[in-house]
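Contents: one structure, followed by commentary.
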Amino acid sequence: MTTQSHPKGLYLLFVTEMWERFSYYGMRAIFVLFMIKALMFDKAHAADIYGSYTGLVYLTPLIGGYIADRYWGNRRSILTGGVLMACGQFLLFCSGSLHASNVPLASSLLYAGLGLLIAGNGLFKPNISSMVGQLYAPDDKRVDAAFTIFYMGINAGSLMAPLICGTLGDTGNPDDFKWGFLAAGCGMLFSLLVFSLFKHKYLVTPEGKPIGLAPQRHHASGEKVVHAPLTRVEKERLAVILIVSAFVIFFWSAFEQAGASLTFFAEEQTNRNLLGFTVPASYFQSINPISVVIFAPLFAMLWSWLGKQGREPASPVKMAFGLLFLAIGYLVIAFGVDGLEPGVKVSMLWLVSLYVLHTFGELCLSPIGLSLVVKLSPARFTSLMMGIWFLSNAAANKLAGTLSELYPDPAKPAPQLLGYSINNLHDFFMVFVVMAGIGALILFLLSSKLKKMTHGLQ
Numbered sequence: 009m010t011t012q013s014h015p016k017g018l019y020l021l022f023v024t025e026m027w028e029r030f031s032y033y034g035m036r037a038i039f040v041l042f043m044i045k046a047l048m049f050d051k052a053h054a055a056d057i058y059g060s061y062t063g064l065v066y067l068t069p070l071i072g073g074y075i076a077d078r079y080w081g082n083r084r085s086i087l088t089g090g091v092l093m094a095c096g097q098f099l100l101f102c103s104g105s106l107h108a109s110n111v112p113l114a115s116s117l118l119y120a121g122l123g124l125l126i127a128g129n130g131l132f133k134p135n136i137s138s139m140v141g142q143l144y145a146p147d148d149k150r151v152d153a154a155f156t157i158f159y160m161g162i163n164a165g166s167l168m169a170p171l172i173c174g175t176l177g178d179t180g181n182p183d184d185f186k187w188g189f190l191a192a193g194c195g196m197l198f199s200l201l202v203f204s205l206f207k208h209k210y211l212v213t214p215e216g217k218p219i220g221l222a223p224q225r226h227h228a229s230g231e232k233v234v235h236a237p238l239t240r241v242e243k244e245r246l247a248v249i250l251i252v253s254a255f256v257i258f259f260w261s262a263f264e265q266a267g268a269s270l271t272f273f274a275e276e277q278t279n280r281n282l283l284g285f286t287v288p289a290s291y292f293q294s295i296n297p298i299s300v301v302i303f304a305p306l307f308a309m310l311w312s313w314l315g316k317q318g319r320e321p322a323s324p325v326k327m328a329f330g331l332l333f334l335a336i337g338y339l340v341i342a343f344g345v346d347g348l349e350p351g352v353k354v355s356m357l358w359l360v361s362l363y364v365l366h367t368f369g370e371l372c373l374s375p376i377g378l379s380l381v382v383k384l385s386p387a388r389f390t391s392l393m394m395g396i397w398f399l400s401n402a403a404a405n406k407l408a409g410t411l412s413e414l415y416p417d418p419a420k421p422a423p424q425l426l427g428y429s430i431n432n433l434h435d436f437f438m439v440f441v442v443m444a445g446i447g448a449l450i451l452f453l454l455s456s457k458l459k460k461m462t463h464g465l466q
């Protein structure tokens with residue numbers, strides 16, 4: 009995978025997305041802690057708000073993709089969404105500034121800021137992802153590698169975010185959370201600046217034509233543009249996206265415990281002492297992006313090597329392996345906490361192992377899924393289908409928040425799930441082992457049929 013072989017527009021989108029993700033993950037690293045420690049919300053309420061927010065963040069791309077495909081185009085949608093998200097981060101800064109003197113106003117500002125972040129993300133996220141594929145010819149074999157590079161940008165931003173925003177905001181003093189939100193807002197402004205300065209020069213097709221403009225509604229003659237109906241092959245390819253998206257719910261609802269229940273676990277039952285330094289709980293969220301930056305090139309080389317041998321797995325098989333790695337990660341930590349008493353802390357190596365295994369799963373699923381959506385979608389539906397892809401993330405994140413509420417609290421009755429009592433951390437983590445394991449098995453069984461439905465596009 010050589011960076012010289014890719015258009016410069018890819019690196020513009022890389023940097024734009026990197027700083028937007030810095031903004032998102034920086035806020036997310038301290039969001040739950042801010043609600044609990046500054047606004048004094050209880051854990052269940054904070055987890056519910058977190059799940060609703062992250063769910064809606066992935067729901068609105070469906071609307072944003074439709075707006076871009078039909079009216080605005082990718083460029084205008086990205087700029088508008090970025091402005092809304094920057095404003096949302098600065099409202100959170102205001103909330104953090106007022107929490108000690110006026111909790112009701114601080115809470116209202118929190119909800120207003122979340123609303124702007126949700127709306128802005130809906131316009132931004134599906135459109136920047138779909139623009140990656142537009143930089144290449146339809147039959148270009150570099151698209152998977154391009155999405156791997158793009159995905160590294162996402163994780164470079166999410167790597168920096170907890171370290172910077174967590175250091176500024178998660179100091180033990182609730183008054184300092186506002187500085188983490190301010191840093192997140194500044195990151196979003198930088199993303200907008202870079203995109204605005206270079207979009208005209210670098211966001212072009214291989215022939216030099218601009219991409220991401222508003223769709224053409226009429227021909228030069230004034231006649232309205234009418235698209236041909238979808239063919240049978242196109243319909244089957246779209247069906248593959250929809251089917252695979254359903255399995256993504258299993259993955260992200262377990263993976264996204266990082267922002268809530270796994271943060272509780274890091275805060276309360278993980279020994280965070282390292283060479284005399286107490287590692288902030290928010291720092292553990294950097295393990296995943298560090299691992300992505302380290303292992304993404306290795307996974308890209310693995311797929312390339314298997315492809316040359318004629319043994320590269322089909323995309324649905326890769327994604328099934330993603331679910332399997334996720335299940336193994338939770339199985340490891342379930343073993344680590346088996347028999348653990350409340351208040352007793354375990355080595356941070358258990359949590360580190362979980363995050364690394366989850367990264368392997370993510371690299372098998374997320375960039376492969378983004379690439380699959382671009383390759384299988386008709387050009388006029390790419391942003392909309394990207395929105396549908398993120399719609400599964402919306403359901404997953406809402407489910408993640410609901411499942412986080414099952415996190416056992418010794419002072420309260422044991423939570424119930426389908427008649428199953430969550431009596432301790434071992435029981436809690438086994439829920440995700442079973443859920444991800446069943447999803448992996450079913451997707452493995454369906455993979456041959458799904459491969460046929462792609463009609464040669466892998």
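Going by the working numbering, the sequence shown opens with residue 9, and the numbers climb by one from there. Don't be surprised by glycine CBs; every beta carbon is placed ideally from N, CA and C. Since we're looking at a predicted model, the values are computed, not measured.
| Query | Result |
| --- | --- |
| Tell me threonine 462's beta-bridge partners as DSSP assigns them. | Bridge partners of threonine 462: none, in fact. |
| Round the Cβ separation of alanine 191 and serine 412 to the nearest angstrom and send it over; I've been treating them as touching at under 8 Å. | Rounded, the Cβ-Cβ distance is 25 Å, inconsistent with contact. |
| To which residues of the same chain is alanine 145 closer than 6 Å at the C-beta, ignoring the five residues directly before and after it? | Pro214 |
| Relative to the C-alpha of lysine 459, which residue among Val252, Phe198, Lys45, Lys207 is closest? | Val252 |
| How about cysteine 95 and leucine 124: do their beta carbons lie closer than 8 Å? | yes |
| In whole angstroms, what is the alpha-carbon distance linking alanine 342 and valine 300? | 23 Å |
| Three-state secondary structure (DSSP) at leucine 167? | helix |
| Buried or exposed: which applies to valine 151, given that a residue is buried once 16 or more other Cβ atoms fall within 10 Å of its Cβ? | buried |
| Does proline 69 pass the burial test, meaning 16 or more other C-beta atoms within 10 Å, or should it be called exposed? | buried |
| Bridge partners for phenylalanine 452 per DSSP, in chain order? | According to DSSP, which records beta bridges pairwise, phenylalanine 452 is partnered with nothing at all. |
| Nearest-angstrom Cα distance between methionine 327 and alanine 422? | 34 Å |
| Apart from the five residues just before and just after asparagine 163, which ones in its own chain have a Cβ nearer than 6 Å to its Cβ? | Pro297, Val300, Val301 |
| Since phenylalanine 329 contacts cysteine 372 with CB under 8 Å, what's their CB separation in whole angstroms? | 5 Å |
| Looking at the unbroken alpha helix (DSSP H) that takes in asparagine 129, where does it start and where does it end? | 111 to 142 |
| I think phenylalanine 292 touches tyrosine 363, with their Cβ atoms under 8 Å apart; what is that distance to the nearest whole Å? | 7 Å |
| How is the alpha helix (DSSP H) around methionine 327 delimited, first residue to last? | 323 to 345 |
| Looking only at its own chain, which residues have a Cβ that is under 7 Å from the Cβ of serine 13, when we skip the five neighbours before and after it? | Arg150 |
| Determine the burial state of asparagine 110: buried for a count of at least 16 other Cβ atoms within 10 Å of its Cβ, exposed for fewer. | exposed |
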